[in-house]
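Residues -18 to -1, 1 to 392 (mature numbering (1 follows the signal peptide of the UniProt record, and there is no 0)) make up the sequence shown, in order.
Worksheet: one structure, shown below.
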Amino acid sequence: MKKILFIIGLLFSALTFSQGSPDYEGGLKVKINEEGTKYFRIISWAQFWAQHNSDRPLDANGNEQSDLNFSIRRARILMYAQISPDFLILTHFGLNSLNAENMSPTGTRDASQLFFHDVWAQYSLGKNHAIGGGLHYWNGISRLNNQSTLNIMTLDNQRQAWATLGLSDQFARHLGVYLKGSFGKLQYRVSINEAETNNLDTSTPVNDGPASYTGRRLLGSKEAGKVYAGYFDYAFFDAESNFLPYKVGSYVGTKKIFNIGAGFFLHPSGAVVADATGNLSGEDVSIFAVDAFYDAPIGSKGGALTAYALYQNADYGKDFRLGTTYETGSLLHGHLGYVLPIQTKAKIQPYLSYDSRKIDAIDDNASQLGIGTNFYLSGHNSKLTLEYQTLKYADNDAINTITLQAMIYL
């Protein structure tokens, strides 16, 4: 209880300290010519977590672990540049989830290393369409699979919505080519990409057992080397920008948005099964989703509502399951947030999120509930988030966490 009170105390002391936070106006954008048609822009952000979890297991030596832990959830730098309206290049690098368990004395272990999240170049095909290639985030499936980490409404993104992270891609980015654009109020993004050879699934299929996501590694790149993805969404009210691939989590009442979307991901022979004699064969991986996003101001005093719903069906192969993160089955997710109608620079947004997952391999379910509040000190540029989350996976005991996040981006 003392540690929970400590976290809450941190929240309100930080809120008081940050009242004088300056306003941000577009970040760092450097014009290379007087007209501003040649430029580069740099965006930097950091997210720091203080997390309380009394359900942590004993460590490798049989000792109890601390309930309260600190970590850097994300530290990123993104830069994009245009030398003309026809060309764009983007680079994005950083690190994720740095904590006491994966740090090293001299910062040389993997967790301490910066790596490229995105590196891609793009050529315009007219006013509303473009083609590009590289390590990119123009993903299929759903809005959440294209979610920006700058403006997530909940504490973090719904994990199963990043449905191919580490299975066919590098940290939710594929290496390939994409086509994106719009026809009126209908936006689209489609891509053909390489599947990753060395992924999170290091297993070998068991005879007459479940599938493993090892198609490219075990069957070769000719049979299982490519993946295909797409996402399409229609805007009923304000149109969102698709200049960059990153979808906004909450506009905090600055736009009126209602979009419905649908998407897919296909990996022919991405999964592998073994028959009774050990002969291997491929199974197609397919993921389909539909979603809806609503974000609009309410009244004249600064109130706003954000709502999102997602249904996702994932077939990773026969009875596939990888830890408690990936499984053949279905996901139903929703979240709802409300910006309180107070006419001040700082905004308060309580929210609620809920997931229900059907897991074919164990004929059981998983559920997750999140209750939290965002304190916007200067929009998403400076905010604090406090969230309580409980996760129940099949018949395992529920895992309960309380997390305080402090985030700033420039």
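Just so you know, even glycine gets a beta-carbon here, dropped at the ideal spot from N, CA and C.
Suppose you measure from the CA of ILE341 to the CA of PRO332; what does that come to, to the nearest Å? Translated into the one-based positions of the sequence shown, residue 341 becomes position 359. Translated into the one-based positions of the sequence shown, residue 332 becomes position 350. Going from the Cα of ILE341 to the Cα of PRO332 covers about 30 Å.
At the level of alpha carbons, what is the spacing between LEU366 and LEU359? The sequence position of residue 366 within the sequence shown is 384, counting from 1. The sequence position of residue 359 within the sequence shown is 377, counting from 1. One C-alpha to the other measures close to 8 Å.
Nearest neighbour of HIS317, chosen from GLN140, ASP100, TYR62 and GLN129 [CA to CA]: Position 335 of the sequence shown holds residue 317. Among GLN140, ASP100, TYR62 and GLN129, the Cα nearest to that of HIS317 is on GLN140.
Among ARG38, SER312, LEU287 and SER185, which has the Cα closest to the Cα of LEU322? For this step, residue 322 is matched to residue 340 along the sequence shown. Minimum Cα distance to LEU322 is reached at LEU287.
Pull up the distance between the alpha-carbon of LEU392 and that of LYS167, whole angstroms please. Taking the first residue of the sequence shown as position 1, residue 392 is located at position 410. Taking the first residue of the sequence shown as position 1, residue 167 is located at position 185. Cα-Cα distance, rounded: 30 Å.
Is ALA143 helix, strand or coil by DSSP? Along the sequence shown, one-based indexing puts residue 143 at 161. Three-state result, ALA143: helix.
Taking the alpha-carbon of ASP183 as reference, which of GLY299, ALA93, PHE247 and ILE59 has the nearest alpha-carbon? Reading the sequence shown from its first residue, position 201 is the one you call residue 183. Checking every option, the nearest Cα to that of ASP183 belongs to GLY299.
For SER338, count the other beta carbons within 10 Å of its own beta carbon; 16 or more makes it buried, fewer makes it exposed. Which is it? The residue labelled residue 338 in the question sits at position 356 within the sequence shown. Exposed is the call here.
Is it the case that the Cβ atoms of PHE270 and PHE246 are separated by a distance below 8 Å? Along the sequence shown, read from residue 1 onward, the residue named residue 270 stands at position 288. Along the sequence shown, read from residue 1 onward, the residue named residue 246 stands at position 264. Contact: yes.
Would you mind sorting TYR105 into buried or exposed? The rule is 16 or more other CB atoms within 10 Å of its CB. Residue 105 sits at position 123 when you count from the first residue of the sequence shown. Exposed, since its Cβ has fewer than 16 Cβ neighbours within 10 Å.
Tell me the residue span of the beta strand (DSSP E) that contains GLY252. Position 270 of the sequence shown, counted from the start, is the residue given in the question as residue 252. Residues 239 to 256.
Looking at the unbroken alpha helix (DSSP H) that takes in ARG198, where does it start and where does it end? In the sequence shown, residue 198 corresponds to position 216, counting from 1. ARG198 -> alpha helix (DSSP H) spans 197 to 201.
Supposed contact pair GLN33 and ARG56 - C-beta distance, whole angstroms, cut 8 Å: Here residue 56 refers to the residue found at position 74 of the sequence shown. Here residue 33 refers to the residue found at position 51 of the sequence shown. Contact flag wrong, Cβ pair sits at about 14 Å.
Which residues in the same chain as ARG38 place their Cβ atom closer than 6 Å to its Cβ, once the five residues preceding and following it in sequence are excluded? By 1-based counting over the sequence shown, the position of residue 38 is 56. So the list reads GLN47, once near-sequence residues are dropped.
Please give me, in chain order, every unbroken run of the beta strand (DSSP E) with length at least 3 that falls completely inside the region 68 to 94. Runs found: 69 to 81.
In chain order, what residues of the same chain have a beta carbon less than 6 Å from the beta carbon of ALA154, not counting five sequence neighbours either side? Here the question's residue 154 lines up with position 172 in the sequence shown. Once the five neighbours on either side are set aside, the close Cβ partners of ALA154 are TRP144 and LEU147.
Close-in-space but distant-in-sequence residues of the same chain around ALA217 (CB under 6 Å, 5 per side omitted): As a working mapping, residue 217 is identified with position 235 in the sequence shown. Only LYS167 and ASN241 meet the Cβ criterion.
What are the partner residues of PHE225, as DSSP defines its beta bridges? Locating residue 225 in the sequence shown gives position 243, counting from the first residue. According to DSSP, which records beta bridges pairwise, PHE225 is partnered with nothing at all.
What residues match up with LYS365 in a beta bridge as DSSP calls it? Translated into positions along the sequence shown, residue 365 becomes position 383. Per DSSP, TYR358 and MET389.
Please name the residue in LYS283, ASN127, LYS237 and TRP120 whose C-alpha comes closest to that of ASN224. Reading the sequence shown from its first residue, position 242 is the one you call residue 224. Checking every option, the nearest Cα to that of ASN224 belongs to TRP120.
Do ALA63 and ILE71 have their C-beta atoms within less than 8 Å of each other? Along the sequence shown, one-based indexing puts residue 63 at 81. Along the sequence shown, one-based indexing puts residue 71 at 89. Yes, the Cβ-Cβ distance between ALA63 and ILE71 is below 8 Å.
6 Å CB neighbourhood of MET(-18) in its chain, flanking five on each side removed: Position 1 of the sequence shown, counting from 1, holds the residue named residue -18. Any reading at MET(-18) is ruled out, since the residue's pLDDT is 49, under 50, leaving its predicted position unreliable.
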